[in-house]
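Residue numbers (this note's numbering): 271 to 350.
What follows is a short report on a single structure.
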Amino acid sequence: MTTQRKLVTVGIVAALGLASYGVIIYPMQHAEEYRKVQESWRADIDRDKIQPGGMRVWSDPFQERKKEVPLYMQKPRKEE
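Below, the structure is given as structure tokens:
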């Protein structure tokens, strides 16, 4: 392998390392700072209002869900 080829390879690896630092490593090390910025940006957003198609607002997937009876299994209500 020639010296020029080695320098190009090292340069590419260094560029990828610097790019990944700015995109991946720095935000992970400063998570609290990014969390505060996101809270301030999202303070005026009503999540229920912008949710498309009447879908539920995001919830924790690991939290146990309530057992809801589907409409076709519900007993009909007596009208008075």
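By construction, the Cβ of each residue, glycine as well, lies at the ideal position given by its N, Cα and C atoms.
None of the values given here were measured: they were computed from a predicted structure.
- Annotation: the continuous alpha helix (DSSP H) that includes Met298 extends over 296 to 299.
- Under the DSSP assignment, Gly281 falls in the alpha helix (DSSP H) whose first and last residues are 273 to 290.
- In this structure, Pro297 keeps its C-beta atom at 7 Å or more from the C-beta atom of Tyr291.
- If the five residues before and after Gln333 are omitted, its C-beta is found closer than 6 Å to no C-beta atom of its own chain.
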